[in-house]
Amino acid sequence: MASSVHQRRNPRESLALSSSAQLSTNNNNVPPAIATVRRRKWGTSAFDENWLNLDCCGLFCAFFTYCLHMYGCYAVCFILIPPWMSYVAADGIRSLTAMGHFHRFAFCSVA
Numbered sequence: 243m244a245s246s247v248h249q250r251r252n253p254r255e256s257l258a259l260s261s262s263a264q265l266s267t268n269n270n271n272v273p274p275a276i277a278t279v280r281r282r283k284w285g286t287s288a289f290d291e292n293w294l295n296l297d298c299c300g301l302f303c304a305f306f307t308y309c310l311h312m313y314g315c316y317a318v319c320f321i322l323i324p325p326w327m328s329y330v331a332a333d334g335i336r337s338l339t340a341m342g343h344f345h346r347f348a349f350c351s352v353a
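Its first residue numbered 243, the sequence shown is counted upward by one per residue in our numbering.
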């Protein structure tokens, strides 16, 4: 009885042995699998070239955000800076100083 206990194997072990034996015999005939990835120009998967969610709500929110950003640049450069960094000539025309032009350029280049 003791000898029969030692000869019994776990069914999972025998399955693992048979599958490894099949892999070693089939490895010579089958070329290795090559993964191909489809890279799209726009999308949200890991391999897409540019991340962009192409739904109408997301596109509208992105457009609205860029409009708010452009309005902020306009407000700083044409409404906020000129009264502080300008001078009024004798004929009544307001002109931006060199520092005003510098601040306008610096803000637009950073924003």
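Idealized CB from N, CA, C, for every residue including glycine.
All values reported here derive from a predicted model rather than from experimental measurement.
- In the structure shown, the three-state DSSP call for Val279 is coil.
- In this structure, the straight-line span from the alpha carbon of Ala340 to that of Asp297 is close to 45 Å.
- Sequence-distant partners of Leu301 (beyond 5 residues in either direction) whose C-beta falls short of 6 Å from its own C-beta are missing from its chain.
- Annotation for Val330: the continuous beta strand (DSSP E) segment containing it runs 328–330.
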